[in-house]
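Report on the structure given below.
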Amino acid sequence: NNNGIGDLEFAVKEAADEFHLGGAIPAPHVTALYGITTIETDEEAINIFRNDVVKAITNRAEKVRKESTGNSGKLWPDLAATGIIVGAEYDGVNGGEMDMAWTEISFATSPEHESLISELYDIFYRRDATRLAAANASLTDEKKEEYPPRSQPWVPHLSICYDNPEGFGTILTRQSFEDFLKNKCPTLAAAAESSDSTVKLTRAVSGVSLWNTAGTMADWKCLDRFEFDCVTP
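Structural data, given as structure tokens:
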């Protein structure tokens, strides 16, 4: 807008006010990996990010460019919105890992997206097992597979706001979220449209960030960011 605020940044800040929440999501994002437990320090994570992660993304883009596929030259494939979700989960219930309600814009996955997510997963979760196995031939198969390869797709989604689970169905409803997008975020409103089209809108990915999400949202810290517009694959 005229104040230099993008529509996604505006959406997460406006949603916190609209639904009277305790705070806004620090930065709009589509999560690639979360809950990484294999890194002990921020410095170690930053080193892996700046070296292995950046290399994996740029190498993949170079390969795609040479093969001249649909997303040729892009460091990450575009994401196509398919709809919205308003939901809630409870820690330990039906696979839930936390107590929360949320709203999101959902996106379609793709072979390119899944390939990148798998490579990032291997970088963070399987690097130690691979290194230890090479150094110690007697390492048990159980230890080697402490973090097995990904087997399920990770459907990309853009969370707009979080709340306590009690807010689901009262403060956060599908209708209230649809109205919010229509009235406050017109550039995103198409995601909530009821139409035969499976793709509502498409967004290019502008970069990838590394965050420490220990504590509450107010405590989250961006440790590093790789801006895609600074690289020509």
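The sequence shown begins at 1341 in the numbering used here and counts up by one. Ideal Cβ positions, reconstructed from N, Cα and C, are used throughout, including at glycine.
Per DSSP, aspartate 1357 has no beta-bridge partner at all. In the structure shown, serine 1516 falls within a helical segment according to DSSP collapsed to helix, strand and coil.
In its chain, beyond the 5 residues on either side, Gly1363 have a beta carbon closer than 7 Å to the beta carbon of alanine 1558. By a beta-carbon distance limit of 8 Å, leucine 1456 does not contact tryptophan 1494. Their separation comes to about 10 Å. In the structure shown, the three-state DSSP call for leucine 1541 is strand. Taking 9 Å as the cut-off, the Cβ atoms of alanine 1428 and threonine 1542 do not count as close.
A straight line joining the alpha-carbon of alanine 1554 with that of aspartate 1564 spans about 16 Å. The straight-line gap separating the alpha-carbon atoms of phenylalanine 1359 and lysine 1540 is approximately 24 Å.
About 5 Å separates the beta carbon of valine 1426 from that of phenylalanine 1517, a gap short enough to meet the 8 Å contact definition. Taking a C-beta distance under 9 Å as the contact criterion, valine 1370 and histidine 1497 qualify as a contact pair.
CA-to-CA, the gap between alanine 1367 and leucine 1528 works out to about 16 Å. Between valine 1545 and valine 1393, the gap from beta carbon to beta carbon reaches 9 Å or more. In this structure, DSSP gives glycine 1555 a state outside helix and strand, which the three-state scheme calls coil. Taking the Cα positions, alanine 1356 is about 13 Å away from glutamate 1444.
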